[in-house]
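Undergrad: In my numbering, the protein residues as written are 34 to 287.
Beta carbons are placed, not taken as given, at the ideal position from N, Cα and C, and that holds for glycine.
Can you read through this structure? Questions will come right after.
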């Protein structure tokens, strides 16, 4: 029993020692930047090198490691030391929890990511060049929406095109069978639809819908939606609300 208690005490002491080593090896640092309005707390292992710290900070501030100078500063923003060389562990410096590590960006040239972010913070316009690619280069790529659409929607579009062609052919057949021509008295509406009388004022293709034939009708009463003009183009003339366009299978002549 006494041996077991000793083993347990030793095990607990070991865990506490390991915990202290882990906790003590972590440094909570306040990161600031020479250009960007950054003031954030980040924790790092005190055993990493200055170079490794720069690599980790690139994800935080956007500055490339080769363009960084890391400075340890006090609350008065005075430089206490510069973290160098890159091969030295950060634990070798007089850094404690909540020490301020200030990132100086030496790449202040216009167009860099950080300079653009700085300009945006100040409310300035940033001219980011638009990425463009030629049609030839785009077609060479595999993972594009055009390739995906071609592979996955080809059957859908072929079926849709076939159905549209079939419908257009039916309209043409109905037009020939009914012998619809301009000036014919007519009635629009099929089945239970409310029917309206009028006369045929237009027969043919239109710009507002180039698929198939349309019949323009001048109604006897104002139940239409136009005056013979559709989307800026005049197809026939009538009073406002007296004009309407229908398909050949939605009209009876005579």
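So, does the stretch 228-238 touch the stretch 173-186, judging by three or more C-beta pairs under 8 Å?
TA: Cβ pair count under 8 Å is below three, so no.
Undergrad: Measuring CB atoms only, is the stretch 260-268 touching the stretch 196-213, in the sense that at least three cross pairs come out at less than 8 Å?
TA: With a cut-off of 8 Å, the stretch 196-213 and the stretch 260-268 do not count as touching, because too few Cβ pairs lie within range.
Undergrad: Express the C-alpha separation of residue 172 and residue 94 in angstroms, rounding to a whole number.
TA: Indexing the chain shown from 1 puts residue 94 at position 61. Indexing the chain shown from 1 puts residue 172 at position 139. About 37 Å.
Undergrad: By the DSSP assignment, the beta strand (DSSP E) with residue 285 in it spans what residues?
TA: Stepping through the chain shown from its first residue, residue 285 is reached at position 252. Taken as a continuous stretch (DSSP letters only), the beta strand (DSSP E) holding residue 285 covers 284-286.
Undergrad: List the endpoints of the continuous alpha helix (DSSP H) containing residue 91.
TA: Indexing the chain shown from 1 puts residue 91 at position 58. Its alpha helix (DSSP H) spans residues 83-94.
Undergrad: I need the boundaries of the beta strand (DSSP E) containing residue 194, first residue and last residue.
TA: In the chain shown, counting from the first residue as 1, residue 194 sits at position 161. That residue, residue 194, is in no beta strand (DSSP E); its alpha helix (DSSP H) goes 187-211.
Undergrad: How would you label residue 120, buried or exposed, when you count the other beta carbons within 10 angstroms and need 16 or more for buried?
TA: For this step, residue 120 is matched to residue 87 along the chain shown. Residue 120 comes out exposed.
Undergrad: Counting along the chain, where does the alpha helix (DSSP H) carrying residue 173 start and finish?
TA: Taking the first residue of the chain shown as position 1, residue 173 is located at position 140. Where residue 173 is concerned, the enclosing alpha helix (DSSP H) stretches over 168-173.
Undergrad: Assuming contact is defined by CB atoms lying nearer than 8 Å, are residue 65 and residue 122 in contact in what I supplied?
TA: Sequence index remark: in the chain shown, residue 65 carries index 32 (1-based). Sequence index remark: in the chain shown, residue 122 carries index 89 (1-based). No, these two residues do not count as a Cβ contact at 8 Å.
Undergrad: In its own chain, which residues sit with a C-beta less than 8 Å from the C-beta of residue 55, not counting the 5 before and 5 after it?
TA: On the chain shown, residue 55 is found 22 positions in, with the first residue counted as 1. For residue 55, the pLDDT reaches just 44, beneath the cut-off of 50, and the residue's location in the model is therefore unreliable, although a value from the coordinates is still provided. Counting only Cβ-Cβ distances below 8 Å, and skipping sequence neighbours, we find nothing.
Undergrad: Kindly indicate which three-state DSSP category residue 183 falls into: helix, strand or coil?
TA: What you label residue 183 is simply residue 150 of the chain shown in a count that begins at 1. DSSP places residue 183 in helix when its eight states are reduced to three.
Undergrad: Sort 69, 73, 67 by Cα distance to residue 61 and report the nearest one.
TA: Working through the chain shown from its first residue, we reach residue 61 at position 28. When only C-alpha atoms are compared, the closest one is 73.
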